[in-house]
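For reference, the structure discussed in these notes is given below.
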Amino acid sequence: MIIDAISNGIVLDHITAGRSMELYQILKLHKLKCSVAVLTNVPSRKMGRKDIIKIGELIDLDLNVLGYIDPGITVSIVRDGKLDRKFTVELPERVVNVIKCKNPRCITSTEQEIPHIFKLTDKEERVYRCMYCESRAKGRD
Ligand code: ZN
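In our numbering, the protein residues as written are 19 to 159.
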C-alpha cells in the first residue's frame, strides 16, 4: 500500500494491530495541524497484521511513551525526502505521567502536583511500580 510519500515527517511502523488509535490519543496527534495517516490491519510478513502511523511533520515524540505502550515500534525519521534515522523503541526504564497510581494512600493521590513516576522493575514480565509507594501498575499484554 502506498500513501503519499512524506518529505519531512515521521513514520511509526510495526505497531501492534489495533493499537494505533490508543497511540493517536496519547501522542495527541489530533492536535497537530499537519496531515496524519493512520493505517490499520496492514498485512505484515513479520507480524501478520500491523498498524502504521504517518505524521507529515517532524514533531517531538515521547519515545518513552511509545516504548511503554508498544515496544518494538519502528520509528523512521524522514528529512527532505530521505530516510534520516530509523530505530526501534524499547521498553523504557521509567515513565512519567503515563500511568496513574491506583493506591488511594499514595502521595500522588493526595498531592495533585506530584508527577506520576513508574519504574520498570521486571523487564521480562513488564512490571512497572510506582516510585513512591511501590504499587504495581496494571500490566499490559
Ligand atoms: Zn503510588
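Just so you know, even glycine gets a beta-carbon here, dropped at the ideal spot from N, CA and C.
Per the Cβ contact rule, the stretch 28–43 is in contact with the stretch 85–96 (3 or more Cβ pairs under 8 Å). Judged by DSSP secondary structure, Y86 falls outside any beta strand (DSSP E) and instead within the alpha helix (DSSP H) spanning 81–87. In the three-state reduction of the DSSP assignment, S53 falls in the coil class, being assigned neither a helical nor a strand state. For C52, the CB stays at least 7 Å from every heavy atom of ligand 1. Assignment of beta-bridge partners to K118 by DSSP yields no partner.
Around the beta carbon of D78, a 10 Å sphere encloses fewer than 16 other beta carbons of the protein chains shown; the residue is thus reported as exposed.
Distance from R37 to I87 at the Cβ level is roughly 7 Å; contact confirmed, criterion being Cβ atoms closer than 8 Å.
Per DSSP, reduced to three states, the secondary structure at H32 is strand. Comparing alpha-carbon positions, the option among V56, P133, G74, I70 lying closest to C119 turns out to be P133. Annotation for S94: no alpha helix (DSSP H) segment contains it, though the beta strand (DSSP E) segment containing it runs 92–97. The secondary-structure analysis by DSSP pairs K100 across a beta bridge with R97.
In this structure V56 touches I71 by the C-beta definition: roughly 5 Å separates them, less than 8 Å. In this structure, R112 places its C-beta atom within 8 Å of the C-beta atom of K137. The Cβ neighbour count for P122, taken over all protein chains shown within 10 Å, is under 16; the residue is labelled exposed.
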